[in-house]
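**Student:** Chains as they are written, first to last, in the working numbering: chain V, 38 to 396; chain D, 8 to 277; chain Y, 3 to 326; chain E, 827 to 1244.
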């Protein structure tokens, strides 16, 4: 049982604040991913949880015990660093056993734990090697092994895959996911890669400029982004965002004069909009090719066509704004081809222009 | 392609080394011949080489005693340098109030020429009661600023995550220094050994001032004593230089092993 | 699952139940104090030695520089007399100052040379250890001997350099290197470079060996060419070592004392006089310790300024690798 | 095994003892005598013998002997002065003794010499007068030398010259005749005031007799400097003359490519070991034209801070006594300025080594023509000023007229300063 609770967590360097009051309640065995662009404060939060950074204000509690005033070693956490931080002068085995030795474990127990972790991570044959004799992926496993042998309350991962090449990154991602099912420990995982976040997380925390923009399951974050920032950050290619205006009674006027009538719940929310100026958002895959051009809400000409095999990405202009649509393969062949789309009102997003918040 | 660049590099290095070695050759040649180095044209190959100069060096001064003195003083200096410099260098990688001042202080300490500090340094040593002792000989050399900065630079090149990992693993500062930082700073340790050894081994003016007792003198002082016997004949001087130089080279070669190990085993490479 | 039951401060039902503690600052302050104490303990031995053998003597020099003093006469206040004499009447001081600056400004040549050598011998080149040893070999030599050998190398009649230059037909008339006002200082500087280049090399090698290899691996994965790896990784990571070298270059303007003293004695007509030889001559040669003290203070101030500039030149923070 | 352990024990014991600072002699007892000599450690057996004899005459006296090499002795002595622990007796070379006397470091020996005229009578009066500062005698001669002229007879013969030069013009014209290819005609040592006879023989003196005003900036002075500069430029004079100190000039002359060398007697013994061409037939020995020469002598002084000045004086009397001085002259082949000793020793040497005897004989003759021994308390400052400008002239950077005028101005300022 290990819960992790952050309340009103703040961090500033002098007058410069990098984390502005983050609240987060991580349930036992939950896998939380902090995601955001570089400089958003995600690593700082992780390091505050680890005790490597001072907390300016707010608190961190593990299992209800406030650990603000607890040294890193006594917080019962384990951390996997971006560069793995394996001790270069020790063998894999010594690396994994290192912290246990300083925690007064019996030799036999250390041996047994290291062996178990090595078996679990499939690195049994490597235990006598030095870190520099390992490949990137193997080092990554050792780093995780070092965390696992500790059997901590909380696992912390600091962009653990960013030093690997693209192919290995995907493979390791899958492994972390698989490992997670065998060792279900409360985890906070930091990454700037939204795909990692989507695939690994139980819940995602999207951070920007030191504030949590949205906390939710991958589905929530993807389907109902709380702000234009989240909308643009999660998903590749990102959500199309157009400056638009509300023309009353649930209607939206897009650039180029197109009017779109939103129905039901959406339209009633629009009435509460603080301003008529909005961002209108639609994901590339939610631009549905219209069979009947006359009924299409968007009519345009393709500008760039990028066939990906499974899909074809098409760029086009709408009232001077560039948009991307994800279309079935071979549905569009060349630049200049005519395009026509309809949109399901449930799949479109409306954000306040000034605040960027979802309406 | 790679091989050709290697050959080119070998050629360049060989040339540089040859240029570096010319004065050496002359030292060695003169040491075994006693030739007048001002003879013209210079004689490139030694004529009738002999080893009398080396024998003279051994017998005309209490070479063994001076050698032992030099070894003791240098060992003290080397030990002091490693421990004190590593500690200070590690401290300087930390952030603390007044760090800039301390760094500035250390740097400025370097900038006073020893020639200008002889008299006060002697008075200080007299006050401490360490005149004419091994400790007194080594004391001013026990910590050197250049070497502190060598350690500082080496520690800073060690990824911060290693220290943090160690902290999470439950190590205190002393253990981090000794178990993590020092083993990873072997090139810096080797540099410290080499430099502090050479500095104390070659120190001349300070031993000259602080020792009164002939039996406390170090090898460089022996040179002066020795030259009094042989009337500044250069062959003897060079023989002496060869004999004084040798330990420095041996220490370098031994410490250099650490460098090589650093290269081949990647001890410092993450 | 855990080995020890957690010390519960109280089971919080929700995030709200955990009140943000205000006392945190106190704990951090204590922690920082503890760290500061540790830092102080680590610095103490070195500081003690420097205090006794560097700072006290500097203070002695500063006080003396405002006095009339000799080992046997009671001190008399001199005000700025020593400084006035130095700046207004002492031509040798100005010459020595110029020469000292030239000596320092020549050190980048040696540092670049050493950097090239260090890069070459830090590679997978076979026999690198031999090259390294040979190039370092000149450093442990006693400066007095180095001076004597180079004095001979430069000799107008019997010297090796003239012998070679004339033998290969490069020059007709021998060059009196150390007897010529134009050649004397460059000649001394060259001999000095010969001696210290191995020192620079060692420092730079230490720096090179401390660069974590994974930085290069990452760069290689990113497809950075060798030149970019040098400019983006090697050079920035070498900054602390380069700074040490720069400081050694500055120091060298007085550690070269023996060499200058033996090779030229500061001559001809002060053409190779450095501030430090002038200081020594004034102190122990002319028994004017008060005036030598004033010279020391001025040289010290000059070198502090130069060190400060060198620090700025390599990116500040006394040669630290800038961390975020 | 047992033996090795003993050796180790002994070594450890010695090492431990060495770690403990030795007590400064000055802080203990009163019957201690400390003697600082200038680079004569090779005389250790003789000195040890003297100490033994002296101790038997003065029971209970402990003697500490320190020896430092030339360039380092001043630094050592002055440090000891500052620390208040100067050696009782110090051996000083050249004009340094007068500077230290001027500083108040040395004891005035005049009362002792006055009280014991027999001691005063031992010494050559001119050499003794070398160290009279402001009318008081601060040092007594230990061993003495002065400059003379050596010449390479084969080179002279090849150039058609077969006698020693009688004037500066002779020197320069012979030098020119000898020089050519890689030969040069003339060399001089230059430290202290060793080059000054070249000016003095032209009637140029440095200072007025009262030492208050410079007198070298005269037409004769300028002319002399000019001549030397020209001869240097055309290769008659070896450039080492103006930069080298001891090893190079002697080495160059010994190499056999230099016609003449102006140096003091000890140079002969150095040159002889380095030059295979040197035999009694080939080396010419002559007085400097006009018999001018610069002394380069060692004297004994007693520190004013000496704990036992009477004991120190007793030792000086002992060391300069005929028997001791004679042993010393024999040991080092030199002149002591003890008139009786020098006479006897030279007679003895005539039989064994006539060339050496001829060299040493010049050292005790014409001692009334000593120059370059100005009794100034700031002799080295004056020396440095004049020498720098001389180098400028001789090596062709400045013309003699302006350089000497500058030197004159600076010397005047220096003389005013003290």
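Glycine included, each C-beta is placed from N, C-alpha and C at the ideal position.
From a predicted model like this one, the values you see are computed outputs, not experimental measurements.
I need the DSSP call for residue 1017 (chain E), collapsed to helix, strand or coil.
**Tutor:** coil
**Student:** Output, in sequence order along the chain, the residues in the region 51-74 of chain D whose CB is closer than 8 Å to any CB in chain V.
**Tutor:** none
**Student:** What separation, rounded to the nearest whole angstrom, lies between the Cα atoms of residue 233 (chain V) and residue 286 (chain V)?
**Tutor:** Cα atoms of residue 233 (chain V) and residue 286 (chain V): separation of roughly 40 Å, rounded to the nearest angstrom.
**Student:** Of the choices E:1077, E:1211 and E:1156, whose alpha-carbon is the least far from that of residue 869 (chain E)?
**Tutor:** Of all alpha-carbon atoms in E:1077, E:1211 and E:1156, the one lying nearest the alpha-carbon of residue 869 (chain E) is that of E:1156.
**Student:** Ordered along the chain, which non-local residues of its own chain (more than five positions away) have a Cβ less than 6 Å from that of residue 1027 (chain E)?
**Tutor:** 994, 1115, 1116 and 1118
**Student:** Taking all protein chains shown into account, do 16 or more other C-beta atoms lie within 10 angstroms of the C-beta of residue 55 (chain Y), making it buried, or fewer, making it exposed?
**Tutor:** Counting Cβ neighbours within 10 Å, residue 55 (chain Y) comes out buried, since at least 16 surround it.
**Student:** Where DSSP assigns a beta bridge to residue 1144 (chain E), which residues make up the other side?
**Tutor:** As computed with DSSP, residue 1144 (chain E) is found in no beta bridge at all.
**Student:** Return the residue from the list D:171, D:184 and D:97 that minimises the CA-CA distance to residue 156 (chain D).
**Tutor:** D:97
**Student:** I'd like to know whether the C-beta of residue 178 (chain V) is nearer than 8 Å to at least one C-beta of chain Y.
**Tutor:** no
**Student:** Taking residue 91 (chain V) as the query, report the chain B residues whose CB atoms sit under 7 Å from its CB, ordered along the chain.
**Tutor:** The structure shown has no chain B; the protein chains it does contain are V, D, Y and E.
**Student:** Let me know if residue 48 (chain V) comes out buried or exposed under the rule of 16 or more other beta-carbons within 10 Å of its beta-carbon.
**Tutor:** buried
**Student:** Can you list the residues of chain D that residue 114 (chain V) reaches, using a CB-CB cut of under 9 Å?
**Tutor:** 175
**Student:** Taking only the alpha-carbon atoms, compute the straight-line gap between residue 82 (chain Y) and residue 74 (chain Y) and give it to the nearest angstrom.
**Tutor:** 22 Å
**Student:** Counting only Cβ-Cβ distances shorter than 8 Å, please list the residues of the region 115-134 of chain V near chain D, keeping chain order.
**Tutor:** 115, 116, 118, 119, 120, 121, 122, 123, 124, 125 and 126
**Student:** Span of the alpha helix (DSSP H) holding residue 99 (chain Y)?
**Tutor:** 93-107
**Student:** Less than 8 Å separating the beta-carbons of residue 320 (chain V) and residue 276 (chain V)?
**Tutor:** The beta carbons of residue 320 (chain V) and residue 276 (chain V) sit closer together than 8 Å.
**Student:** Tell me the DSSP secondary structure of residue 411 (chain V) in three-state form.
**Tutor:** There is no way to answer for residue 411 (chain V), as the model of chain V reaches only from 38 to 396.
**Student:** Can you check whether the CB of residue 176 (chain V) is closer than 8 Å to the CB of residue 244 (chain V)?
**Tutor:** no
**Student:** Name, in chain order, the residues that DSSP records as bridge partners for residue 1099 (chain E).
**Tutor:** Residue 1099 (chain E) pairs with nothing; no bridge assigned.
**Student:** Tell me, which residues are paired with residue 251 (chain V) by DSSP?
**Tutor:** V:243
**Student:** Relative to the C-alpha of residue 253 (chain D), which candidate in Y:142, Y:115, Y:134 and Y:35 has its C-alpha closest?
**Tutor:** Minimum Cα distance to residue 253 (chain D) is reached at Y:142.
**Student:** Extract the residue ranges of the beta strand (DSSP E) inside the region 904-983 of chain E, only unbroken runs of 3 or more that lie entirely within it.
**Tutor:** 915-919, 966-969 and 973-978
**Student:** To the nearest angstrom, how far is it from the Cα of residue 1018 (chain E) to the Cα of residue 905 (chain E)?
**Tutor:** C-alpha separation (whole angstroms): 23 Å.
**Student:** Pop quiz: residue 1101 (chain E) and residue 1081 (chain E) are said to be a contact at Cβ under 8 Å. What is the actual Cβ separation, rounded to whole angstroms?
**Tutor:** 7 Å
**Student:** With 16 other CB atoms within 10 Å as the buried threshold, where does residue 301 (chain Y) fall?
**Tutor:** buried
**Student:** Closer than 7 Å to a non-hydrogen atom of the ligand ZN - does that hold for the CB of residue 259 (chain D)?
**Tutor:** Looking at this structure, you won't find the ligand ZN or any other ligand, since it has none at all.
**Student:** Against chain D, with Cβ distances strictly below 8 Å, would residue 157 (chain Y) count as a contact?
**Tutor:** By this cut-off, residue 157 (chain Y) is an interface position.
**Student:** Kindly indicate which residue of V:322, V:56 and V:137 has the alpha-carbon position closest to the one of residue 76 (chain V).
**Tutor:** V:56
**Student:** Could you give the residue range of the alpha helix (DSSP H) that holds residue 208 (chain Y)?
**Tutor:** 186-212
**Student:** For a contact defined as C-beta to C-beta under 8 Å, what are the partners of residue 215 (chain Y) on chain V?
**Tutor:** 169
**Student:** At what residues does the alpha helix (DSSP H) containing residue 1233 (chain E) begin and finish?
**Tutor:** 1226-1243
**Student:** Can the beta-carbon of residue 127 (chain D) be found closer than 8 Å to that of residue 160 (chain Y)?
**Tutor:** Going by C-beta atoms, residue 127 (chain D) is not nearer than 8 Å to residue 160 (chain Y).
**Student:** What residue does the beta strand (DSSP E) around residue 375 (chain V) start on, and which one ends it?
**Tutor:** 375-379
**Student:** How big is the Cα-Cα spacing for residue 935 (chain E) and residue 989 (chain E)?
**Tutor:** 44 Å
**Student:** Select from E:969, E:966, E:1084 and E:1053 the residue whose C-alpha is nearest the C-alpha of residue 1004 (chain E).
**Tutor:** E:1084
**Student:** Given residue 37 (chain D), which residues of its chain have a CB within under 7 Å of its CB, disregarding the five upstream and five downstream residues?
**Tutor:** 44, 241, 242 and 245
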